[in-house]
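Novice: Structure provided below as structure tokens; questions to follow.
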Amino acid sequence: MRLGVLCSIVRTEEKLIFQALRARGVPFEKIDDRQLSLDLQARQLPWDIVLERAVNHARALHTLKILNDRGVPTINTWDVANVCGDKVLTTNALVQHDVPTPRTRIAYTPESALATIEAMGYPIVLKPAVGSWGRLIARVNDRHAAEALLEHKQILGSYHHSIFYIQEYVEKGGRDIRAFVVGGKTICAIYRMSEHWITNTARGATTANCPVTDELDAVCLGAARAVGGGVLAIDVFETDQGLLVNEVNYTMEFRNSIGVTGVPIHERIVDYVLSVGQAQATTATR
Amino acid sequence: MPKCLECDADIRLKADVESGEIVDCPDCGTEFEVRSVDPPQLDYAPKEEEDWGE
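Protein chains in written order, with our numbering: chain X, 149 to 434; chain E, -17 to 36.
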């Protein structure tokens, strides 16, 4: 099996995956997207399976499409990356599959966005459709803040900031849940706790183990199915109305979750990658 | 042992360091990317881009 791992900088997660592969004696090629030169006329590519771990969404998206169209299975697939990399598409997929998610609307101009915000009521959360680690998301408490933010986005933002993703503000009691789904199984979950309303660990949230209840498992598997499955991190809010899926991440970071859960997430990812690769090899030899 | 490109401090790389890994200078905190493990070579770490994430 010619396994490739697409990445650029090597985070703790990639390092753990490399170490797990080497410990099992699985050869792999580290594909540095900064050195990659893909021939679009080529019908075949030199990998049987590729694990995508790129930090750049745009590079991941294009590479996955090229690989998948030439029959190279990837984890995750282009379809999954495309949906999860865009919050509008993620929310749309969740709603289409009846997965509970916060009330969300989109608008395309500052004027229609302001009217939408006023209709939804304050506070609301404005997010860029593409982005991660809690960057550039804003809680908007009143009309003055909304007007200022929308003007800033219009004048200073790149084109995708003109897609206004407007989400109801969910009071989550200082924490949310991040659950990890690998190959159709919720393998573990953590609470992410912060006094700040943004609870990303990249923004300083602390973590604790979260038991995977039947309710959490069902919601997470539903979310995973909605976006196409694979290796995913599901962000979930606990509310009086039940669990709500906020976002789904397709190149998940998990360094802060191994210790608190006791689950070697990198090993489960490698298990899944190898099982997909072996299934592909079996199919190819038939 | 590679040296910090900013302050010339020694940067000790761990035995299991990977090419592509980001390391910090222990003195000035500047981030570097390990471009080569053997021989050890560092360059400034890439700056975070708008589509970086998970």
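Quick reminder that beta carbons are idealized off the backbone N, C-alpha and C, glycines included. These numbers were taken from a predicted model, which means no experiment stands behind them.
1) Would I(-7)/E pass as an interface residue toward chain X - the criterion being a Cβ-Cβ separation below 9 Å?
2) Whose Cβ in chain X lies nearer than 7 Å to the Cβ of D33/E?
3) Could you please give me the residues that DSSP links to F312/X through a beta bridge?
4) When the distance is taken between beta carbons, is H344/X closer than 9 Å to G352/X?
5) Quick check on the DSSP output: the beta strand (DSSP E) that includes C155/X runs from which residue to which?
6) What is the C-beta distance between P271/X and R291/X, in whole angstroms, given that I count them as a contact (C-beta under 8 Å)?
7) Which bits of chain X does G11/E rub up against, with CB to CB less than 8 Å?
8) Which two residues bound the contiguous alpha helix (DSSP H) that contains T160/X?
9) Can you give the Cα-Cα distance for C155/X and E36/E, rounded to whole angstroms?
10) I need the DSSP call for Q23/E, collapsed to helix, strand or coil.
11) Since Y339/X sits in a beta bridge, which residues does DSSP pair it with?
12) Using a cut-off of 9 Å between C-beta atoms, extract the partners of E(-12)/E located in chain X.
13) Taking Cβ to Cβ, would you say W195/X is nearer than 9 Å to L215/X?
14) Going by DSSP, what residue range makes up the alpha helix (DSSP H) through D419/X?
15) Tell me, to the nearest whole angstrom, how far the beta carbon of L209/X is from that of N230/X; I am working on the premise that it is less than 8 Å.
Specialist: On the basis of the coordinates in this document:
1) no
2) N204, H205, A206 and V278
3) A255/X
4) yes
5) L151 to C155
6) That belief does not hold up - the Cβ atoms of P271/X and R291/X are roughly 11 Å apart, past 8 Å.
7) Going along chain X, no residue has its Cβ under 8 Å from G11/E, so there is no contact; the nearest lies around 17 Å.
8) T160 to A171
9) 12 Å
10) strand
11) I325/X and A356/X
12) Those within 9 Å of E(-12)/E in chain X number zero; the least Cβ separation is about 19 Å.
13) yes
14) I413 to T433
15) 6 Å
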